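In UniProt numbering, the protein residues as written are 1 to 202. Accompanying notes for the structure given below.
Here you go:
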């Protein structure tokens, strides 16, 4: 049902038409959907503050493809296991977003969407790798699909409007590529159909 509804959507954006060169590296990320205290939600990480890149920013588990990864999905699942210690056997992979380039157009990012099978009652029960992750938290679907919770911001160095969510209970903003993935308007979905906020269809 979700896939049929997604296929009926249209792609209304061209945020990433600015790339002048073909990205040469690949990365895989995993968007973990979950039920937290009975509420359909998305699980996010905050990157460790000592990380060289994107320290302290909101993200999904993910990273660069290793030569040992058979597929880019293997990359996303491996990174999830390494960062938040959730086994690939404990998630149901629902599909894949169409790849998006990072802002420098040096890397193609493949995003996979999946459901953590077991409901989460206590967020503190989610263990994580403190070398890479500072914290984990969830945001309800309803907040991520609400226009009142999202702002479109034009940063000084860019001509594009970027979606930003302010997570009040964490006092942090979701922006950058993570926000584009949630917003679903950066490009077509590879398996789900055409660009839209995937969470609207659940």
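Beta carbons are placed, not taken as given, at the ideal position from N, Cα and C, and that holds for glycine. All values derive from a computational prediction rather than experimental measurement.
- Annotation: the continuous beta strand (DSSP E) that includes residue 45 extends over 39-47.
- Residue 155 counts as exposed, since fewer than 16 other C-beta atoms from the protein chains shown sit within 10 angstroms of its C-beta.
- The C-beta distance from residue 39 to residue 140 rounds to 5 angstroms, short enough to meet the 8 angstroms contact threshold.
- Look at the beta carbons and you see the region 112-121 touching the region 91-104: at least three pairs across the two are nearer than 8 angstroms.
- For the set 27, 24, 34, 25, the Cα lying nearest the Cα of residue 122 is the one of 34.
- Excluding its 5 nearest sequence neighbours in each direction, residue 136 has C-beta neighbours in its own chain below 8 angstroms: 43, 44, 45, 46, 84, 123, 126, 128, listed in chain order.
- In the structure shown, the three-state DSSP call for residue 148 is helix.
- Collapsing the DSSP output to three states places residue 128 in coil.
- Assignment of beta-bridge partners to residue 111 by DSSP yields 29.
- Nearest Cα to residue 160 within the set 144, 103, 132: 103.
- Note on geometry: alpha-carbon atoms of residue 60 and residue 148 lie some 23 angstroms from one another.
- A straight line joining the alpha-carbon of residue 146 with that of residue 62 spans about 26 angstroms.
- A buried status is given to residue 80, since no fewer than 16 other beta-carbon atoms sit within 10 Å of its beta-carbon.
- Membership of residue 120 in any beta strand (DSSP E) is not indicated, and neither H nor E is assigned to it by DSSP.
- In the DSSP assignment, residue 176 falls within the alpha helix (DSSP H) that extends over 176-183.
- For residue 82, same chain residues with a beta-carbon under 7 angstroms away, outside a window of 5 residues either side, are 129 in chain order.
- Considering only 105, 48, 153, 111, the residue with the shortest C-alpha distance to residue 71 is 111.
- For residue 138, the enclosing beta strand (DSSP E) stretches over residues 133-140.
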